[in-house]
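Its first residue numbered 1, the sequence shown is counted upward by one per residue in this note's numbering.
Data block below; observations after.
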Amino acid sequence: MLFVLLSDHTSSPDQAFAGEVANCGGGEPSAGGAESVFLSSSSGSPGDTIVVSILGAKIDSNQDQPVQIIWDGIFGILVGSGVIPRNDTNANVPFDVPNASPGNYFVVVCWLNDDDGAIWFYDQFEFTVSSDTRTPVPTDT
């Protein structure tokens with residue numbers, strides 16, 4: 001399914017611009033990625049760190065490929081960013097689950113490949129926030 005939104009929305013540093021599919025980049029062309037993309041967990045609590053792994057992305061011989069992790073919705077919040085290094089195909093990019101009520105949300109992972117004419121590739125995942133607060137880690141006493 002392809003969603004296209006035309007908007008004159010001005011992004012702020014903590015909010016990604018929603019140009020085309022799943023708000024990848026600043027409105028540049030985007031396409032679904034066939035690469036292997038995984039979340040380290042499909043559920044968690046606010047404050048938990050989740051790692052996105054991208055494996056087998058197309059090589060970009062021109063530059064590092066920016067990676068954006070966007071939390072929920074057309075004008076979702078940019079919760080993580082990193083790069084797939086130049087001439088590499090893999091990256092691990094962490095993000096922290098934002099303050100969100102329990103329920104289901106979408107996590108969108110976008111990465112730019114300049115060798116293909118500046119196309120943002122993306123993948124989308126359902127993520128469940130299981131509680132309002134971070135689960136404390138038990139300590140040995």
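We put the beta carbon where it would ideally sit given N, CA and C, even for glycine.
According to the DSSP assignment, threonine 49 belongs to the beta strand (DSSP E) that extends over 49-55. One thing to note: leucine 39 has its Cβ no nearer than 9 Å to the Cβ of valine 108. Inter-residue distance for lysine 58 and aspartate 140 is about 45 Å (C-alpha atoms, whole angstroms). Within the DSSP secondary-structure output, isoleucine 59 pairs in no beta bridge. At the C-beta level, asparagine 90 and glycine 82 stay beyond 9 Å of one another. Beta-bridge partners assigned by DSSP to valine 83: Pro66. In the three-state DSSP reduction, aspartate 114 falls in the helix class (H, G or I). Going by beta carbons, proline 46 and asparagine 99 fall inside the 9 Å limit. When the Cα atoms are used, serine 36 and phenylalanine 121 turn out to be separated by approximately 12 Å. DSSP links proline 94 through a beta bridge to Val51. Contact between proline 102 and glycine 80 does not hold, since their C-beta atoms are separated by about 21 Å, which reaches or exceeds 8 Å.
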